[in-house]
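Asks:
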Amino acid sequence: MTPTPTVSVVVPTHGRGEALAVLVPQLLADQDLDELVVVVDGHGDPSEAFLRAAAEQDARLRPVVQENRGRTLARQRGADEATGDVVVFLDDDVLPRVPLAAAHARHHLDRDDLVVVGAMTTSPARWDPRARLYDKAYSDHVALWQEHPERLLEHFWGGHFSMRRATLQRLDGFSPEASYG
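Here the working numbering runs 14 ahead of the position in the sequence shown, where the first position is 1.
1. Can you grab the Cα-Cα spacing for the pair Ala180 / Phe188, in whole Å?
2. Exposed or buried, Asp124, counting other C-beta atoms within 10 Å across all chains shown (16 or more means buried)?
3. Are the segment 17–26 and the segment 49–59 in contact at 8 Å, needing three or more beta carbon pairs?
4. Return helix, strand or coil for Pro110, following the three-state DSSP convention.
5. Where does Thr27 fall in DSSP's three states?
6. Of the choices Pro39, Ala69, Asp46, whose alpha-carbon is the least far from that of Ala115?
7. Quick one: residues in its chain with C-beta nearer than 7 Å to the C-beta of Asp99, no 5 flanking neighbours on either side, listed in chain order?
8. Determine the DSSP secondary structure at Arg74, reduced to helix, strand or coil.
9. Short check: CB of Gly58 to CB of Glu81, under 8 Å?
10. Please classify Arg89: is it buried, with 16 or more other beta-carbons within 10 angstroms of its beta-carbon, or exposed?
11. What first and last residue would you give for the alpha helix (DSSP H) that runs through Glu95?
12. Could you give the first and the last residue of the continuous beta strand (DSSP E) run that contains Arg178?
Listed below in structure tokens is the structure:
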């Protein structure tokens, strides 16, 4: 029997302390999570103190602070820091359905060539008119993916997905030119 892969979750963030205050405890409540890497994109972000205090309470949390270089490079930094067999990338305003780690690990159990796309439910605090438009656009894309799975990469949303770390390394990570990583 194939051993269950270990799972790291990478969350790039910038100026979203309120969202992290909701997301981080929810992720750390997942007993199947091996590691949570939160990359703060920009020194002086108030969420740094919250993350350092939370890391003192749970060794699975690893805050990483870098100069403000953008979401794609923050995501890449998190990938470089992650140690899990599977790396889940999650935007800081996405509320995952638990158990997140076990669900992603299960999909990657016997395959090393998958990109698993997870649901992207955003924080209720962000349900302003723009968030509703985002939700509608995302729902439309999910319907498109279900009807035409071969078109997934034409319309890929990077807010919640996973892949094997070895695959990501083989692909040399994310393109620094990508505007939405």
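Idealized CB from N, CA, C, for every residue including glycine.
Replies: Result, derived from the coordinates:
1. 13 Å
2. exposed
3. yes
4. Coil at Pro110, not helix or strand.
5. strand
6. Per the Cα distances, Asp46.
7. Pro19, Thr20, Arg178, Arg179
8. coil
9. The Cβ-Cβ distance between Gly58 and Glu81 does not fall below 8 Å.
10. Within 10 angstroms of the beta-carbon of Arg89 lie 16 or more other beta-carbons, which makes it buried.
11. 85–95
12. 174–178
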